[in-house]
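According to mature numbering (1 follows the signal peptide of the UniProt record, and there is no 0), the sequence shown holds residues -23 to -1, 1 to 233 in order. For every residue, glycine included, the Cβ atom is placed at its ideal position computed from N, Cα and C.
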Amino acid sequence: MDQRYRLPVTFILLFGALQCASGAMIIGGWEAKPHSRPYMVSVQQNGTHHCGGFLVADQWVVSAAHCYTAQSTPYKVLLGAHSLSDSESTKQTFGVAAIYTHPDFNITRNYDNDITLLKLDGRVSLTKAVQKISYQRMSRDVPQGTVCSMAGWGWISNVGIKPDKLQEVIVTVVGRETCSSRRYHGNRITGNMMCAGDRGKDSCNGDSGGPLLCNGLVEGITSFGGMKCGKPLKPGVYTVISRYTDWIDAVMNQGS
């Protein structure tokens, strides 16, 4: 197995990963303009960033299924944050009333169908710093070479340094045929996945569940990558959200 999944930060910290209260970038990126991505969510355990996510409805967050396979303590969802530690008046915090993991999520082999919906225990107040984001509803493959962006509070280096402030990075879509070749990720790549990266630019551990935006729409959900982040032949792998619009609609209608 030559993959490193975009592991939740709280899992990594159990194994002594380094922490850092500040930093300039995720892998190859930079600090985002404060509150320029008002849909971003930090899912937390015991006050520590665990995984990313994004707000799609007043009471619903999309995230990655592999973040929620072993719940030991309750999750909290933080919205409206730029700095995780600063007392920002824009912040809103909610508990998680229910977790809906895709029934076909494959944790044992390749993380296919890596998508989860979190129902919050209250409705958010939409403000300048807290907004919903639209996602791609037309089932399609994003063309190779498309320039996209992702953001998160995940690692900013391969030695486990993590930021306090939201980071962002620009990446380029790698075609599925290339990404599923033996030199890249091989046959782990399914039709429900897309790949994106650039030399030294990548998502990393703790970014799981965050959105990949292409032309202003969420196209992917951060899922996994190589053993080390930012390697040219191991781009980040993202769940293609447009494959799941019917499931998302059904869950939100059922749970409303």
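Name the one or two DSSP bridge partners that residue i has.
{"i": "L210", "result": "Note: L210 sits in no beta bridge, so no partner."}
{"i": "V45", "result": "This sequence places Tyr at residue 45; Val is not what is there. Answer is none; Y45 lacks a bridge partner."}
{"i": "V10", "result": "The identity of residue 10 in the sequence shown is Lys, whereas the question assumes Val. Answer is none; K10 lacks a bridge partner."}
{"i": "K57", "result": "Reading off the sequence shown, one finds Gly at residue 57, where the question assumed Lys. Answer by DSSP bridge pairing: none, since G57 is not bridged."}
{"i": "V73", "result": "L97"}
Out of the options, which one is the CA nearest neighbour of residue i?
{"i": "D63", "options": "P188, L143, L190, Y112", "result": "L143"}
{"i": "F201", "options": "N192, L103, G187, H59", "result": "G187"}
{"i": "R165", "options": "T85, D35, L32, K68", "result": "T85"}
{"i": "A106", "options": "T70, N83, P212, T199", "result": "T70"}
{"i": "Y112", "options": "G6, R159, A227, V217", "result": "V217"}
{"i": "D98", "options": "W37, R117, M115", "result": "W37"}
{"i": "F31", "options": "N87, G174, N90, K96", "result": "K96"}
{"i": "D89", "options": "M115, A41, N23", "result": "A41"}
{"i": "T78", "options": "C44, S102, S233, M170", "result": "C44"}
{"i": "A47", "options": "W130, T123, H27, V33", "result": "H27"}
{"i": "R100", "options": "A34, G5, V214", "result": "A34"}
{"i": "D91", "options": "K10, C206, G168, K211", "result": "G168"}
{"i": "L94", "options": "G29, D175, P11, P209", "result": "G29"}
{"i": "S157", "options": "E8, S116, Q231, P212", "result": "P212"}
{"i": "N192", "options": "T67, G183, T123", "result": "T123"}
{"i": "Y11", "options": "M115, Q22, D81, L61", "result": "Residue identity check: residue 11 is Pro in the sequence provided, not Tyr. Here the closest residue by C-alpha is L61."}
{"i": "residue 248", "options": "S116, T222, G131", "result": "No answer is possible for residue 248: the residues shown for the chain start at -23 and end at 233."}
{"i": "N182", "options": "G197, T149, P140, M170", "result": "P140"}
{"i": "T67", "options": "S13, L190, E145", "result": "S13"}
Could you check what DSSP says for residue i in three-state terms: helix, strand or coil?
{"i": "S219", "result": "helix"}
{"i": "I225", "result": "helix"}
{"i": "G232", "result": "helix"}
{"i": "H26", "result": "strand"}
{"i": "Y16", "result": "coil"}
{"i": "V33", "result": "strand"}
{"i": "T67", "result": "coil"}
{"i": "T50", "result": "coil"}
{"i": "T85", "result": "coil"}
{"i": "S62", "result": "coil"}
{"i": "G5", "result": "coil"}
Exercise for the section: List in chain order: all unbroken beta strand (DSSP E) runs of 3+ residues lying wholly within the region 88 to 133. Expected result: 93 to 97, 124 to 129
Check: Does the pairing of the region 55 to 71 with the region 13 to 30 give three or more beta-carbon distances under 8 Å?
Finding: yes
Below 8 Å, can you find three or more Cβ-Cβ pairs linking the region 64 to 77 to the region 147 to 158? no
- [ ] Note down, one range per segment and in chain order, each alpha helix (DSSP H) of at least 4 residues found wholly within the region 130 to 200.
- [x] 153 to 156
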